[in-house]
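Residue numbers (our numbering): 49 to 450.
We put the CB at the ideal spot given by N, CA and C, even for glycine.
Heads up: the structure comes next, in structure tokens.
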């Protein structure tokens with residue numbers, strides 16, 4: 049090889065060695081990472097040798113350890129996995145409801161510490177979570193179906209109160225139950241829709257979830273005036289009703305938290321994004337307490353002969369409400385292309401109501417503790433029935449798709 053050829057080879061090798069550096073990231077991993085700048089050069093073994101073009105990529109990881117990009121990717125995957133678990137916590141609600149019911153019946157002291165004074169703050173937290181997870185787009189999309197919204201409202205504040213009055217009357221005339229227990233059944237039928245109906249709709253028909261949210265939000269927003277009015281009409285002649293007190297109480301534990309969540313989501317989205325993953329598991333925990341505590345506190349009344357009669361009447365009331373919502377919406381929207389999804393949504397909306405609100409009102413505005421027994425039973429029955437329908441309808445849809 050000539051002198052010029054050797055000098056060329058030496059120069060190219062020197063350039064190649066200069067094209068890398070070793071960078072250590074101890075915070076990411078314990079192995080150094082070798083970085084190469086991307087360079088291309090021509091190599092020739094001599095004047096007559098073949099010309100070879102070689103390129104070195106910018107980054108090569110050390111073969112003994114992961115690169116920084118891989119480590120960051122792993123961290124992101126772990127973070128996403130945690131967020132997925134937190135956000136999916138609501139899927140355990142059916143199991144939590146059943147477990148809370150069994151635990152409250154077997155060992156009441158596990159829930160008796162969660163006394164009546166905690167119901168209002170707990171319900172307020174659940175309302176706040178609904179507000180944080182809602183936005184104006186959901187409402188705008190759902191308002192394109194005003195007929196369905198109106199049907200849901202009629203199911204909540206017309207069909208259901210009629211059924212409540214019917215079963216309350218049966219409780220007194222047929223079963224000979226005290227007036228306070230009948231009043232509890234009627235009060236349960238007068239409250240707004242349950243937020244669990246939104247989640248049940250999401251599990252069965254996700255495209256209908258915004259519509260369910262609007263239905264529940266509308267009934268919740270107007271419950272401050274409609275619920276006391278209906279309570280006065282159905283129960284007023286039997287027991288005294290504090291209408292002004294009910295309006296104030298509902299504004300505090302329902303309307304204000306929902307509005308607060310919506311405003312926080314609108315003006316401080318970063319805060320909402322930070323706390324939103326924590327809301328599902330906390331909501332599940334609060335729901336477990338709100339289901340188990342009423343049963344544990346009223347266990348003696350529930351296990352009495354009259355309690356068994358109330359249990360039967362509450363089951364019949366909710367079953368009739370679910371069926372009425374499904375059948376009546378099928379008749380009203382039989383020409384709609386999504387009639388089955390509408391039927392399921394309106395069935396949830398009619399059959400599930402905020403029994404916790406009824407329980408809070410019963411404890412605050414009625415002196416007789418028996419008024420709170422039907423709402424306490426309703427919390428459990430409504431949840432078990434609703435999520436049983438979720439499993440039934442979801443399995444049926446999967447079978448039809450196959």
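- Secondary structure note for residue 324: it is in no alpha helix (DSSP H), with a DSSP letter that is neither H nor E.
- When C-beta atoms of the region 403-413 are compared with those of the region 378-389, fewer than three pairs fall below 8 Å, so the two segments do not count as touching.
- Going by DSSP, residue 365 is part of the alpha helix (DSSP H) stretching over 353-380.
- Pairing residue 167 with residue 408 gives a Cβ-Cβ distance under 8 Å.
- Cβ neighbours of residue 345 within its own chain (closer than 7 Å, five residues either side excluded): 160.
- A straight-line Cα-Cα distance of about 7 Å links residue 169 and residue 301.
- Residue range 227-237 is occupied by the alpha helix (DSSP H) that includes residue 234.
- Partner residues in a beta bridge of residue 309, as assigned by DSSP, do not exist.
- Counting C-beta atoms within 10 angstroms of its own C-beta, residue 224 has fewer than 16 neighbours from the protein chains shown and is therefore classed as exposed.
- In the DSSP annotation of this structure, the continuous segment of the alpha helix (DSSP H) that includes residue 388 starts and ends at 387-399.
- Contact check for residue 238 and residue 279: beta-carbon distance about 5 Å, within the 8 Å limit, so the pair qualifies.
- With contacts defined as CB atoms closer than 8 Å, residue 340 and residue 148 qualify as a contacting pair.
- The residues 295, in chain order, have a CB closer than 8 Å to that of residue 273 in the same chain once the five nearest residues on each side in sequence are set aside.
- Look at the beta carbons and you see the region 359-370 touching the region 420-436: at least three pairs across the two are nearer than 8 Å.
- Burial state of residue 437 is buried, judged by a 10 Å Cβ sphere holding 16 or more other Cβ atoms.
- Restricting attention to 144, 265 and 277, the CA atom closest to the CA of residue 306 is found in 265.
- In the structure shown, residue 224 falls within a coil segment according to DSSP collapsed to helix, strand and coil.
- Counting C-beta atoms within 10 angstroms of its own C-beta, residue 371 has fewer than 16 neighbours from the protein chains shown and is therefore classed as exposed.
- For residue 154 and residue 185, the gap between their C-alpha atoms comes out near 45 Å.
- Partner residues in a beta bridge of residue 420, as assigned by DSSP, do not exist.
- Residues of the same chain with a CB within less than 6 Å of the CB of residue 419, apart from the 5 flanking positions on each side, are 228, 231, 232 and 410 in chain order.
- The beta-carbon separation of residue 397 and residue 234, rounded to 19 Å, does not stay under the 8 Å limit for a contact.
- Where residue 175 is concerned, the enclosing alpha helix (DSSP H) starts and stops at 167-180.
- Shown here, residue 241 sits in a strand according to DSSP, grouped into three states.
- Separation of the CB atoms of residue 267 and residue 240 is rounded to 4 Å, and the pair is thereby assigned contact status at 8 Å.
- For residue 412, the enclosing alpha helix (DSSP H) stretches over residues 403-413.
- Classified as buried, residue 181 has 16 or more neighbouring CB atoms from the shown chains inside 10 Å of its CB.
- Spanning the alpha carbons of residue 140 and residue 332 requires a straight line of approximately 8 Å.
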